[in-house]
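Take the sequence shown: its position 368, counting from 1, is numbered 990 in the numbering used here, and each next residue is one higher.
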Amino acid sequence: MTQLDRMGFPIPDDARELREMMLRFGAEECAPGAAERDRTHAFPAKQIDALARLGAMAMKTPEEDFGPGVSNLGYALAIEALARHDASICVVTVASNLAGAILAQQCTSEQKRRYLHPAAKGEFGALSFALTEPGAGSDAANIKTTARRTAAGWSLTGTKQWITGASNAKLFLVFARIPDEGDRAIGCFAVEAGTPGFSLGRIEDKMGLTSSGTAMLHFDGVEIPEHALIGAPGAGLKVALSAIAPSRVAIAAESIGIAERAFELGRDYARERQAFGQPLAGFQNTRFILADARTQLDQAWLLMLRAATMLDQGVPIRAEASMAKLAASETCGRVVDAMLQLHGGNGYARDYEIERLYRDARVMRIFEGTSEVQRDVIARDIL
Ligand SMILES: Cc1cc2nc3c(=O)[nH]c(=O)nc-3n(C[C@H](O)[C@H](O)[C@H](O)COP(=O)(O)OP(=O)(O)OC[C@H]3O[C@@H](n4cnc5c(N)ncnc54)[C@H](O)[C@@H]3O)c2cc1C
């Protein structure tokens, strides 16, 4: 019985096959250079281009728009599979799919031809989603980047921070205030790399996910055409937040993928490493650690599968996505920490994969809404 069958959820064949395909792609194309890229911080351009050509950068795009039309369940399983092999490649894929989902939902026919169809065919590589700013993260409504109407379209000014995949992205979805539409109005704009006045800032020197090309963006009176506005003027924050909820299920999936890999490493190490004349796996403490980790991981899986299944049933979820993300990211932190502890001193050495997983895992509790923000969403739903 596979791990998926043990969950007791009916998994459609197409989702199962997509997961198998991603596991193979991850093992053959991503895992081999992951440690080296982690050390050098090199962006995985070759792997991202290959994934983009497979349609993986905008997976939920319908077939009539040249996408693979993957279900939410298939998407979550694909992300979990990829995360096992390289969490940096995985997070660039998640950020791109967040932007891709917005394009698929909001574009007019003309915008589909300009942005969505090339994105679905992989011509832009990975897309970037640019909401956060130096002064506005959890409090996204407080962004300061501004879009002003011009005779030909829009002029954008401001700074974005922490933008995943930005070092290599060709198309960015940028959120900006539109003062002409009211004090609280925010719009979503498609901005192509190379547009005059748009420059890449510092590439962040992060503790983990070191090859995901996270960067600052500067917009200095960037002139963009009228058709760059995606969705209604003033509806940008609603557009962003309604796409972020499903994307939290993807971060749950990424957290589970990292933790599953850590679990495998810890289990194998416990079988092999000898202490006091027996394998670590012979100590009751080790067996209980593995049993608890397996149980917590299955709990997180079930919440992720529930959230993805509800999305596929057309249920607009908020709290369920937050529960999945909260449970999976917190479980990921605990499991990776416990598996590193099983490695003893070796777990603290860069030669061992568990050390990278420990650093990669930490941010799962921070981005796409911190654990505190998820608890707030869940509490609001309860009360
Ligand atoms: C590696 C990485 C990649 C990222 N990629 C992207 C990306 O591609 N696009 C993008 O737009 N953004 C991205 N982000 C930004 C990310 O979404 C934010 O960092 C996150 O939302 C938290 O915002 P902040 O860092 O400003 O923290 P703050 O909002 O300043 O929060 C600081 C602390 O205060 C707590 N806090 C804040 N408000 C409350 C509250 N109301 N109640 C209780 N506690 C609260 C938080 O939980 C946190 O512990 C990325 C971040 C990282 C680190």
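A virtual CB, placed ideally from N, CA and C, is assigned to each residue, including glycine.
Say yes only if the C-beta of SER731 is nearer than 7 Å to one or more non-hydrogen atoms of ligand 1, and no if none qualify. no
Cβ shell of SER877 (< 6 Å), same chain only, five flanking positions each side left out: ALA950, SER951, CYS954 and MET986
So what's GLN963 in DSSP terms, helix, strand or just coil? Three-state result, GLN963: helix.
For the alpha helix (DSSP H) containing ARG889, list its first residue and its last residue. From DSSP, the alpha helix (DSSP H) with ARG889 extends over 858 to 894.
Just the Cα atoms here: how many angstroms apart are PHE751 and PHE794? So the two alpha carbons sit approximately 6 Å from each other.
What is the DSSP secondary structure of CYS729, counted as helix, strand or coil? coil
For ILE670, is the classification buried or exposed, using 16 other Cβ atoms within 10 angstroms of its Cβ as the cut-off for buried? buried
Can you tell me whether DSSP reads ASP842 as helix, strand or coil? Here DSSP, grouped into helix, strand and coil, assigns ASP842 to strand.
Give every residue of the same chain whose Cβ lies closer than 7 Å to the Cβ of LYS792, excluding the five residues on either side of it in the sequence, and list them in chain order. These residues qualify, in order along the chain: PHE746, GLY747, GLU814 and ALA815.
List the DSSP bridge partners of GLY775. PRO847
Let me check one thing: in DSSP terms, what residues is PHE794 bridge-paired to? SER750 and VAL813
Taking the continuous alpha helix (DSSP H) assigned at GLY584, which residues delimit it? Absent from the structure is residue 584, since the part of the chain shown begins at 623 and ends at 1005.
Does the Cβ of ARG641 have 16 or more other Cβ atoms within 10 Å, making it buried, or fewer, making it exposed? Looking at its Cβ environment, which holds 16 or more other Cβ atoms inside 10 Å, ARG641 is buried.
Hey, would you say MET926 sits closer than 8 Å to VAL871, going by beta carbons? yes
Three-state secondary structure assigned by DSSP to GLN935: Looking at GLN935 - three-state DSSP - the assignment turns out to be coil, as it is neither helix nor strand.
Identity of the residues DSSP links to GLU755 by a beta bridge: Partner(s): ALA758.
Identity of the residues DSSP links to GLU768 by a beta bridge: Note that residue 768 is Thr in the sequence shown here, rather than Glu. THR768 is bridged to THR779 and ARG799.
In chain order, what residues of the same chain have a beta carbon less than 7 Å from the beta carbon of ARG978, not counting five sequence neighbours either side? ALA657 and ASP660.
Whose C-beta lies closer than 7 Å to the C-beta of ALA773 among residues of the same chain, with five residues either side of it excluded? none
If you draw a straight line from the C-alpha of ALA788 to the C-alpha of ALA903, how long is it? 43 Å
Taking 7 Å as the cut-off, is the C-beta of ALA748 nearer than that to any heavy atom in ligand 1? no
As assigned by DSSP and simplified to three states, the class of GLY955: helix
Rounded straight-line distance, which links the Cα of ARG889 to that of VAL957: As the crow flies, the alpha-carbon of VAL957 is around 11 Å from that of ARG889.
Using the Cα positions of MET932 and ALA637, report the straight-line distance between them to the nearest angstrom. The straight-line gap from Cα to Cα measures roughly 15 Å.
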